[in-house]
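A.B. asks: Mind having a look at this structure? Questions to follow.
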Amino acid sequence: MRTDRTFTMLKPDSVEKGNVGPILEKITSAGFRIAGLKLTQMTKADAEAFYAVHNERPFFGELVEYMTRGPIVAAVLEKDNAVEDFRTLIGATNPADAAEGTIRKMYAASIGENAVHGSDSDENAEIESQFHFAGRELF
Ligand code: UDP
Ligand code: MG
């Protein structure tokens, strides 16, 4: 299992607000290389599958609604210790708890609409990357 890649989505709110450029700039400035990048929109079935681990949680319906309401930017990012370093860069799930200077502190509106996704393990980074990208789309 490789440890130098993670998966992210710039969620619909980031696309709607025109924050894609600033967020990608922050990601590359932090030392992540972009190995894959696309604008795409998840179907309801896609979002239900992607977030299946949360399907018993009270916020699941809203989460699926939010994540499918418009396009997202999906990306595979490369850096040593990618998963942990990217979670540090994005900050806590709830922007109210996120550290100063983190992406969620700067760009997220709420715990639900929190601007970005970041994989939580090397294994999930691989699964999530394969969910969104074919091998020929990764460089
Ligand atoms: N979420 C929510 N309410 C909550 C917790 C999470 O709407 O109380 C949403 C939020 O968009 C979050 C996603 O569900 O990013 C996945 O939750 P998780 O706990 O995996 O947070 P993350 O790994 O994204 O920080
Ligand atoms: Mg998570």
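Positions -6 to 132 (the numbering used here) are the ones given, in order, by the sequence shown. The C-beta atom is built at its ideal place from N, Cα and C for all residues, glycine as well.
1) On the DSSP bridge list, what partners appear for E71?
2) For T33 and A67, what's the separation of their Cα atoms in angstroms?
3) Going along the chain, which residues of its own chain have a beta-carbon closer than 6 Å to the beta-carbon of F53, five neighbours each way excluded?
4) Going residue by residue through the region 68 to 109, where are the continuous alpha helix (DSSP H) segments of at least 4 residues, counting only ones entirely within it?
5) Check whether the region 54 to 66 and the region -3 to 10 are in contact - that is, three or more C-beta pairs closer than 8 Å.
6) What do you reckon, is the C-beta of D90 under 7 Å from a heavy atom of ligand 3?
7) Kindly give me the distance between the Cβ atoms of V76 and T1, rounded to whole angstroms, as I take these residues to be in contact under 8 Å.
8) Should I20 go down as buried or exposed, given a rule of 16 or more other Cβ atoms within 10 Å for buried?
9) On the three-state DSSP scale, how would you describe K4?
C.D. replies: Checking against the coordinates, here is how it stands:
1) Looking at the DSSP assignment, E71 forms a beta bridge with R(-2), R26.
2) T33 and A67: Cα-Cα distance of roughly 7 Å.
3) The answer, listed in chain order, is H47.
4) Qualifying alpha helix (DSSP H) stretches, in chain order: 75 to 83, 96 to 100.
5) The region 54 to 66 is in contact with the region -3 to 10.
6) As for ligand 3, it is missing from this structure, which binds only ligand 1 and ligand 2.
7) Their Cβ separation, rounded to whole angstroms, is 11 Å, which puts V76 and T1 out of contact at 8 Å.
8) I20 comes out buried.
9) In the structure shown, K4 sits in coil (DSSP, three-state: anything other than H, G, I, E or B).
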